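In the numbering used here, the protein residues as written are 2 to 99. We put the CB at the ideal spot given by N, CA and C, even for glycine. Predicted model only: the values in this text are computed from it and were never measured. Read the structure below first, then the notes.
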């Protein structure tokens, strides 16, 4: 399990694990859902940036960040590590407002 890995949950939702490996003392992980760009019209650019997974666009639903039991994170389908700074900027905007 690595930071910025993407998983499909049992209900079919896509999430990206954003938790630092240094904070892996609990059996939970902080994840952000990925949503289809056509599914949401209330997009805030810095809060909901577009990311690309296997050539497909997704929106980062940062405002829906949640902790999940790590056992739910099965079925790794890729990584967004190459988009680390986009994800971190969205988290900064959510927490700090800038």
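Can you tell me whether DSSP reads residue 37 as helix, strand or coil?
coil
Can you say whether residue 63 is buried or exposed, counting buried as having 16 or more other CB atoms within 10 angstroms of its CB?
buried
Hey, out of 19, 15 and 2, whose CA is closest to residue 84's CA?
19
With burial defined as no fewer than 16 other Cβ atoms inside 10 Å of the residue's Cβ, what is the status of residue 96: buried or exposed?
Exposed, by the Cβ-count rule.
Under the DSSP definition of a beta bridge, which residues are partnered with residue 51?
Answer is 60.
Taking DSSP as the reference, what is the three-state secondary structure of residue 69?
strand
Is the region 5-16 in contact with the region 42-51, if contact means three or more CB pairs nearer than 8 Å?
no
Taking Cβ to Cβ, would you say residue 35 is nearer than 8 Å to residue 10?
Cβ atoms of residue 35 and residue 10: not closer than 8 Å.
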